[in-house]
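Report on one structure; see the data block that follows.
2 protein chains.
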Amino acid sequence: MIMSSTHMSLLPRFVNQVLRGSLFSSGVKIRKLVSLDGATKTTDCLRRRRVHTNSRNASHVELTSVRNPGLKRGPYATITDEDIEEFNKIIPGQVITDPSELSGYNTDWLKSCRGSSKVLLRPKSTNEVSAILRYCNQRRLAVVPQGGNTGLVGGSVPVFDEIILSTQLMNKIISVDDISGALVCQAGCVLQTLTDHVSEFGLIMPLDLGAKGSCHIGGNVATNAGGVRLLRYGSLHGSVLGIEAVLADGKIIDCLTTLRKDNTGYDLKQLFIGSEGTLGVVTAVSILCPSKPTSVNVAFLGCNTFQDILSIYKESKNNLAEILSAFEFLDASSMSVVTDNLKLTNPIASSPFYVLIETGGSNGTHDEETLNVFLQRVMELGLVKDGTIATELKKITHIWSIRDGMAEGLMRDGYCYKYDVSLPQSHFYKLVEDMRARLGDRVLRVLGYGHVGDGNLHLNVTTRHFDQDVVDMIEPFVYDWVARYRGSISAEHGIGFKKRNVIFYSKSQEAVSLMADLKNIVDPNRILNPYKLFPDQQ
Amino acid sequence: MIMSSTHMSLLPRFVNQVLRGSLFSSGVKIRKLVSLDGATKTTDCLRRRRVHTNSRNASHVELTSVRNPGLKRGPYATITDEDIEEFNKIIPGQVITDPSELSGYNTDWLKSCRGSSKVLLRPKSTNEVSAILRYCNQRRLAVVPQGGNTGLVGGSVPVFDEIILSTQLMNKIISVDDISGALVCQAGCVLQTLTDHVSEFGLIMPLDLGAKGSCHIGGNVATNAGGVRLLRYGSLHGSVLGIEAVLADGKIIDCLTTLRKDNTGYDLKQLFIGSEGTLGVVTAVSILCPSKPTSVNVAFLGCNTFQDILSIYKESKNNLAEILSAFEFLDASSMSVVTDNLKLTNPIASSPFYVLIETGGSNGTHDEETLNVFLQRVMELGLVKDGTIATELKKITHIWSIRDGMAEGLMRDGYCYKYDVSLPQSHFYKLVEDMRARLGDRVLRVLGYGHVGDGNLHLNVTTRHFDQDVVDMIEPFVYDWVARYRGSISAEHGIGFKKRNVIFYSKSQEAVSLMADLKNIVDPNRILNPYKLFPDQQ
């Protein structure tokens with residue numbers, strides 16, 4: 339469709355480029371995803387690791403046991419000097435008891451949960467994990483497995499004095515098969531390290547998330563992490579090929595196959611994906627890595643309404659089809675978080691809503707043409723207020739840093755109340771509007787961003803300091819709202835400690851009861867990650 | 339690369355077309371996958387349903403209990419007139435006891451297993467399934483759930499007199515969301531019916547297999563069916579969004595969500611995917627359907643060695659990348675099965691090996707160009723002996739009918755010994771060669787075909803009639819061979835009845851023991867699909 343010149347003046351800034359056919363001719367083409375990742379990850383890595391190095395800050399966080407006075411410690415043994423001695427025999431030099439060193443490991447990244455563990459164990463091998471758990475099970479010592487400690491529901495830190503079992507030293511990459519795409523590695527490998535490594539074989543990790551600079555692949559698997567690539571590559575239930583896990587009694591379940599197909603009995607590895615460390619400790623994983631796209635493009639668009647974003651999504655499914663690799667949205671309040679708190683600049687004109695679209699393919703010319711045609715179409719449909727296409731590394735990195743910086747930016751408001759829900763796309767944003775109306779000026783911000791394609795909204799509320807009255811205004815209102823539309827009250831963050839008593843908003847009594855049966859057969863003494871995932875009365 | 343005219347005479351027939359640049363200009367472009375599917379599916383449907391309509395044939399099959407004299411019937415109740423009366427109250431008019439009607443349901447499609455069930459129950463709703471199972475559990479009546487009865491390991495037919503619980507009348511399509519791609523339907527929907535239905539919404543089913551004309555989606559999910567699209571769209575563990583299942587005691591587990599993400603507790607639906615009806619009866623499913631490619635191309639190539647096929651596969655991953663949708667191979671003996679027994683014609687010159695490559699994308703011109711470049715490359719590398727590109731519907735259908743007709747063609751030899759294994763690609767075909775050398779002229783054929791990209795080989799041996807001596811020459815040789823390379827002794831067919839005692843070749847004692855624990859908590863009376871999946875001593 340040829341557009342008349344009278345229309346052109348009303349169109350966003352890149353339209354003229356599109357019409358002139360010069361949209362992609364001036365910029366540097368970004369052909370390697372790894373260069374796109376680079377800068378963001380390094381910053382991100384530093385961000386995520388802060389919690390471990392700033393223990394003074396951590397010790398100011400209220401103890402979880404104090405904030406939840408009704409919660410009783412389970413019937414577990416208390417650690418003794420003899421226990422420490424025994425651990426030192428199993429993993430000499432890898433037992434940490436110095437309180438200042440422990441502080442970061444006792445506190446979650448959001449600084450919303452703090453335990454009082456007296457010991458951190460850092461095994462290097464599956465056999466060491468097995469020996470530790472066998473001992474703990476015999477002694478009835480409770481254990482919390484911990485990866486990069488980047489979880490957002492308090493699942494990876496102790497509630498009371500559970501022993502912290504860290505995968506930090508289990509960071510060996512075992513093998514990469516560049517034909518099949520199978521990566522095998524220990525559970526403590528950092529996601530970004532794996533991304534960099536498989537990149538050398540022309541592969542990418544099937545998952546990508548804000549915490550990639552410090553989250554561990556074992557933790558990703560144990561929490562069934564989602565992230566921005568799920569839209570393209572699916573969930574870990576599909577891409578994890580094999581798992582090695584250690585049960586509470588020390589038994590090693592070796593399903594660490596690299597086979598793409600294996601229908602010999604129940605697919606046991608699925609049990610551990612998303613079980614949040616309550617069924618076993620994941621010690622090694624095998625993951626199917628897709629071929630790395632050689633051509634990557636990013637578009638960042640501003641829209642007037644959320645409905646426009648849904649229309650753009652539908653168009654992107656039809657027009658970008660197999661090269662669509664990410665479709666993320668944020669609202670104006672989300673943008674203000676990163677501009678106010680992280681001093682990032684909004685690359686386009688202020689809009690009520692923004693959408694970030696990434697394509698990844700194997701043919702640069704085709705991908706650019708396809709994106710071009712798609713953008714022309716959504717502009718012609720009047721769905722776009724303003725927009726830009728990132729063709730230079732710096733600009734691509736900047737655009738992704740807006741999306742990736744959300745969690746960090748929110749933390750700088752003071753305290754952040756996080757809700758991570760799945761909803762039918764048609765009702766997706768109404769929850770943010772209703773919550774905003776409900777909370778009014780009692781809070782700093784109410785905002786929404788997330789993964790449109792997955793129906794996954796991150797609803798966030800911030801205040802200067804933690805305020806139980808605000809919690810009481812949000813909950814159970816938010817859960818009732820989500821349950822009304824048969825949504826999920828935790829799309830990707832999991833249940834952990836914080837959501838344990840609201841699981842019934844998304845799961846039936848029969849389902850939770852079956853989960854408890856499963857827990858009971860593999861961990862009858864309930865030593866693994868107690869007070870997590872299951873409601874208090876279960 | 340420009341090739342000299344002296345080389346051109348040595349190249350396969352389509353090279354000249356490629357060099358002339360006219361490869362795609364003369365034929366009709368196939369832009370709709372549904373037209374590609376049509377013809378094959380109809381034939382296939384008739385084929386697969388034969389077993390139910392030809393009961394005389396079925397009654398000639400030796401009873402499983404006779405063929406396995408050492409196997410003892412479990413401690414189950416025997417069905418009485420009162421039971422039949424009770425079933426008639428639960429599902430009036432849907433209880434079949436006529437032996438001639440039952441015959442087909444008692445016998446597997448391969449005519450290798452036959453039970454002697456006296457009753458077939460055909461519920462229409464989940465509540466009916468629940469009431470039936472509750473009653474059977476109380477009475478200790480054993481039950482075999484049955485979908486389209488197209489399984490290849492004897493998993494869907496009774497071993498003794500188990501009640502047959504068919505999903506045949508549970509064939510309602512509940513909803514299709516054309517934006518998210520979520521299809522919700524009852525378990526008894528035929529895969530081809532679903533493919534046709536979602537096609538109207540611009541979607542395709544994420545799985546496709548030879549039995550699509552009569553297999554049920556509930557059976558597909560219960561057996562974690564693989565098929566030719568797994569390479570592109572992954573396994574059902576990734577694409578099934580939700581499951582409703584009924585446990586042995588009649589309890590309904592409702593995880594029938596359409597959400598793409600839901601991390602509220604353990605992902606219970608995964609338990610039922612691939613559990614072969616031993617943990618519960620799948621009554622409804624929700625599946626994520628990808629957008630239907632608007633452009634489909636098929637290439638059929640002949641090669642001299644299996645190594646050439648592996649090299650072509652590697653090239654296809656790099657060059658066809660995101661549009662590669664199937665990569666299937668067959669050997670010369672496989673080709674002879676369909677030419678001898680089904681009177682299909684080989685579309686290219688006789689070759690030791692053949693490969694079928696399908697692309698599916700959203701941009702016809704781009705896909706054709708990409709395929710063209712890829713073919714030029716593999717020809718220049720000397721990997722292709724002869725080949726053809728299917729651009730007309732008739733030819734595409736014909737090429738797929740060669741691959742899809744394998745199972746049917748093999749049956750016409752008389753008796754077929756089927757082995758469905760996963761192996762590292764480098765050792766993939768050596769097993770066929772070793773088996774051929776081992777069996778010599780004692781058998782009609784030894785052949786291999788399958789899914790190269792998934793490392794999944796279908797090794798088949800045929801004789802005129804069943805011969806235990808042949809079985810004894812094949813087994814355990816084949817299992818030892820596969821175990822040596824840490825392969826899977828059942829890549830996609832499952833364990834069922836036939837492979838139950840060889841599960842340890844692929845799974846550890848710890849893993850099978852954990853499976854038994856799982857079975858025990860949901861079906862303590864072991865009424866669901868007994869004698870299947872677990873080894874006799876478990």
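As they're listed, the protein sequences go chains X and Z. Plus 338 on top of the position in the first sequence (first one is 1) and you've got the working numbering. Plus 338 on top of the position in the second sequence (first one is 1) and you've got the working numbering. Positions of the beta carbon are idealized from the N, C-alpha and C atoms, including for glycine. Model, not experiment: these values are computed from the prediction.
CB contact below 7 Å: residue i versus chain Z
i                         : result
leucine 866 of chain X    : no
leucine 606 of chain X    : yes
histidine 704 of chain X  : yes
alanine 560 of chain X    : no
serine 537 of chain X     : no
alanine 520 of chain X    : no
glutamine 875 of chain X  : no
leucine 731 of chain X    : no
alanine 829 of chain X    : yes
asparagine 794 of chain X : yes
Rounded distance between the beta-carbons of residue j and residue i, thought under 8 Å
i                         : j                        : result
proline 628 of chain X    : proline 544 of chain X   : 6 Å
alanine 525 of chain X    : glycine 556 of chain X   : 3 Å
leucine 507 of chain Z    : lysine 550 of chain Z    : Between lysine 550 of chain Z and leucine 507 of chain Z the Cβ distance is about 20 Å, and since that is not below 8 Å, they are no contact.
isoleucine 611 of chain Z : histidine 575 of chain Z : 6 Å
CA nearest to the CA of residue i, picked from the options
i                            : options                                : result
phenylalanine 425 of chain X : X:Val676, X:Arg783, X:Arg411, X:Cys474 : X:Cys474
glycine 580 of chain X       : Z:Lys845, Z:Lys870, Z:Ile865           : Z:Lys845
proline 862 of chain X       : X:Leu479, X:Arg802, X:Lys449, X:Ile428 : X:Leu479
arginine 460 of chain Z      : Z:Ile428, Z:Ser441, Z:Leu721           : Z:Ile428
leucine 503 of chain Z       : Z:Ala520, Z:Gly747, Z:Ser513, Z:Leu458 : Z:Leu458
serine 760 of chain X        : Z:Leu597, Z:His796, Z:Ser671, Z:Leu639 : Z:Leu597
lysine 302 of chain X        : X:Val497, X:Ser518, X:Gly698           : In this structure chain X extends from 339 to 876, so residue 302 of chain X is not present and cannot be described.
valine 528 of chain Z        : Z:Leu795, Z:Thr488, Z:Asp515           : Z:Thr488
valine 860 of chain X        : X:Gly565, X:Val619, X:Asp874           : X:Val619
leucine 782 of chain X       : X:Gln806, X:Gln763, X:Asp751           : X:Asp751
serine 739 of chain Z        : Z:Ser537, Z:Thr632, Z:Ile865, Z:Leu694 : Z:Leu694
CB contact check: residue i to chain X, cutoff 7 Å
i                         : result
asparagine 863 of chain Z : no
histidine 575 of chain Z  : yes
isoleucine 581 of chain Z : no
asparagine 601 of chain Z : yes
glycine 453 of chain Z    : no
Rounded straight-line distance, which links the Cα of residue j to that of residue i
i                            : j                            : result
histidine 736 of chain X     : phenylalanine 712 of chain Z : 36 Å
threonine 616 of chain Z     : serine 403 of chain Z        : 20 Å
asparagine 392 of chain Z    : glutamate 500 of chain Z     : Confidence in asparagine 392 of chain Z is poor, its pLDDT being 38 and thus under 50, which makes the residue's placement too unreliable to answer from.
methionine 853 of chain Z    : phenylalanine 872 of chain X : 23 Å
histidine 887 of chain Z     : serine 577 of chain X        : No answer is possible for residue 887 of chain Z: the residues shown for chain Z start at 339 and end at 876.
proline 413 of chain X       : lysine 870 of chain X        : 15 Å
tyrosine 755 of chain X      : asparagine 798 of chain X    : 6 Å
asparagine 858 of chain X    : asparagine 867 of chain X    : 13 Å
arginine 477 of chain Z      : glutamate 420 of chain Z     : 11 Å
tyrosine 817 of chain Z      : tyrosine 767 of chain Z      : 15 Å
arginine 715 of chain Z      : glutamate 653 of chain Z     : 8 Å
phenylalanine 667 of chain X : alanine 659 of chain X       : 18 Å
glycine 565 of chain X       : arginine 741 of chain X      : 11 Å
arginine 774 of chain Z      : isoleucine 827 of chain Z    : 18 Å
alanine 670 of chain X       : leucine 769 of chain X       : 15 Å
leucine 682 of chain X       : leucine 448 of chain X       : 21 Å
serine 663 of chain X        : aspartate 807 of chain Z     : 54 Å
Residue-chain proximity (residue i, chain B), Cβ-Cβ < 7 Å
i                       : result
arginine 598 of chain X : Among the chains of the structure shown, chain B does not appear; the protein chains present are X and Z.
**Request:** Determine, using beta-carbon pairs with one atom in the region 483-491 of chain X and one in the region 586-606 of chain X, whether at least three such pairs fall under 8 Å.
**Result:** no
**Message:** Count Cβ pairs between the region 687-694 of chain Z and the region 635-650 of chain Z that sit closer than 8 Å; are there 3 or more?
**Reply:** yes
**Item:** Any 3 or more C-beta pairs closer than 8 Å across the region 493-513 of chain X and the region 828-846 of chain X
**Value:** Yes: at least three Cβ pairs fall under 8 Å.
**Request:** Pair every Cβ in the region 783-801 of chain Z with every Cβ in the region 597-609 of chain X, then say whether three or more of these pairs are closer than 8 Å.
**Result:** At 8 Å Cβ cutoff, the stretches touch.
**Asked** Hey, is the region 734-750 of chain X in contact with the region 675-686 of chain X, meaning 3+ C-beta pairs nearer than 8 Å?
**Response** Verdict: yes, contact present.
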